[in-house]
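Single-structure report; data block below.
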Amino acid sequence: MLERAPEVRTWPVEMPFAYRYTPGVAGARFLEALRDRGEILGTRCAACAFTYVPARRSCERCFADLSEAELEVGPGGELVAFTVCRVGHEGEPLPAPVVFGLVRLDGADALLLRRVLAAEPRTGMRVEAVLEPPARRRGSILDIVGFRAAAG
Ligand SMILES: [Zn+2]
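Position in the sequence shown (from 1) plus 452 gives the number in my numbering.
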């Protein structure tokens with residue numbers, strides 16, 4: 453026979469919180485390259501023939517050390533998938549739809565999630581990264597504003 457859970461076991465509460473995520477050695481190098489040189493750094497595992505982006509210090513497949521395996525990827529790539537968001541975090545309607553997409557940058561295998569700025573996104577389309585102007589870059593993934601349709 454099921455017993456009713458005592459009321460004291462639940463305590464409805466809203467807990468807004470913020471936190472800082474530590475990027476680690478490779479993540480910090482990725483963010484510094486983005487901020488200081490406008491480069492998107494990946495790392496390539498030769499054993500797995502797989503290129504990660506953002507850069508990583510070790511391969512999640514074979515655990516190889518990738519600290520000497522950095523390379524620049526992009527800024528062009530392919531839009532692999534996307535979604536159109538019409539409501540915000542609290543369920544409120546957005547003034548305009550926001551599109552997020554998974555992009556496979558040229559030279560990379562892993563996908564990068566960022567906003568899609570193309571007016572008419574479609575999977576398989578060529579895109580290119582749009583970065584904040586150098587003076588506005590903060591060393592954040594948000595320094596990549598998003599991806600627009602590639603010229604030409
Ligand atoms: Zn590997």
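Think of the CB as a built atom: it goes at the ideal place given N, C-alpha and C, for glycine as much as any other residue.
Q: Drop a sphere of 10 angstroms on the beta-carbon of glycine 677, count the other beta-carbons inside from all chains shown, and report buried for 16 or more, exposed for fewer.
A: No information on residue 677 is available, as it lies outside the stretch 453 to 604 that the chain covers here.
Q) Roughly how many whole angstroms lie between the Cα atoms of isoleucine 415 and methionine 577? A) Residue 415 cannot be examined here, being either before or after the span of the chain that is shown, 453 to 604.
Q) When the Cα atoms are used, what is the spatial distance from proline 586 to leucine 486? A) Mapped onto the sequence shown, residue 586 falls at position 134. Mapped onto the sequence shown, residue 486 falls at position 34. Taking the straight line from one Cα to the other gives about 9 Å.
Q. Ligand 1 heavy atoms versus the CB of arginine 513: any closer than 6 Å?
A. Walking along the sequence shown from the start, residue 513 turns up at place 61. Correct: arginine 513 has its Cβ closer than 6 Å to ligand 1.
(Q) Taking the alpha carbon of valine 568 as the reference point, which residue from Arg589, Glu512 and Ala533 has its own alpha carbon closest? (A) Position 116 of the sequence shown holds residue 568. It is Ala533 whose Cα lies nearest to the Cα of valine 568.
(Q) Assess contact between the stretch 554 to 567 and the stretch 471 to 480, defined as three or more Cβ pairs (one per stretch) separated by less than 8 Å. Is contact present? (A) Output reads no: the stretch 471 to 480 does not touch the stretch 554 to 567.
(Q) Bridge partners for arginine 567 per DSSP, in chain order? (A) Translated into positions along the sequence shown, residue 567 becomes position 115. Answer is Phe552, bridged to arginine 567.
Q. Which first and last residues belong to the alpha helix (DSSP H) in which valine 465 is found?
A. Position 13 of the sequence shown, counting from 1, holds the residue named residue 465. Following the DSSP letters along the chain, one finds valine 465 in no alpha helix (DSSP H), marked with neither H nor E.
**Q.** Spatial distance of aspartate 488 from alanine 581 (CA atoms)
**A.** Here the question's residue 488 lines up with position 36 in the sequence shown. Here the question's residue 581 lines up with position 129 in the sequence shown. Per the coordinates, the alpha-carbon of aspartate 488 lies some 16 Å from the alpha-carbon of alanine 581.
(Q) By the three-class DSSP mapping on this structure, what secondary structure does phenylalanine 515 have? (A) Counting from 1 along the sequence shown, the entry for residue 515 is found at position 63. The answer is coil: DSSP assigns phenylalanine 515 none of H, G, I, E or B.
Q. In terms of residue numbering, what span does the beta strand (DSSP E) encompassing phenylalanine 534 cover?
A. Within the sequence shown, residue 534 is the residue found at index 82, counting from 1. It spans 528 to 539 - the beta strand (DSSP E) in which phenylalanine 534 sits, taken as one unbroken run.
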